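A.B. asks: Mind looking over this structure? Questions follow.
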Amino acid sequence: MDRPELAKFLRERREALQPEDVGPRRRTSGLRREEVAALSGVSSDYYSRIEQQRGPVPSEQILAAIAHGLHLTLAERDHLSASRATARPRAPSAATTSTPA
């Protein structure tokens, strides 16, 4: 699985979890990124970067925390863990690579 698939999976699971599953009811369906981050014990910025395919590949510990926060089943946890094994970090951009003079 690649980073776009990891992001899609996280987004789908966040949207499937209802606010009343974890707290008070509100009119919108799905959880906000900030709510998933709080339930997972990670910063909302870091969770957002994972879901938006930015930043480093998340560690196994971070994915375990997110799996717990999203109330994933064992099959979904396995799927998430498998995504970590095949996720590749982004290639450095031309601006960050140096060429010898």
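Numbering (our numbering) for the sequence shown: -19 to 81. Positions of the beta carbon are idealized from the N, C-alpha and C atoms, including for glycine. All figures in this text were calculated on a predicted structure; none of them were measured in a lab.
1. Is the CB-CB distance between S52 and R(-7) below 8 Å?
2. Compute the Euclidean distance between the alpha carbons of S61 and P(-16), then round it to the nearest angstrom.
3. Going straight from the alpha carbon of Y27 to that of E14, what length do you get?
4. Could you name each continuous alpha helix (DSSP H) segment of 4 residues or more that falls completely within the region 11 to 38, going from the start of the chain to the end?
5. Suppose you measure from the CA of A64 to the CA of G10; what does that come to, to the nearest Å?
C.D. replies: Result, derived from the coordinates:
1. Position check: residue 52 holds Leu in this sequence, whereas Ser was assumed. Yes, the Cβ-Cβ distance between L52 and R(-7) is below 8 Å.
2. Each residue's alpha carbon lies about 15 Å from the other.
3. 8 Å
4. 13 to 20 and 24 to 31
5. Reading off the sequence, residue 64 comes out as Arg, not Ala. Approximately 24 Å between the Cα atoms of the pair.
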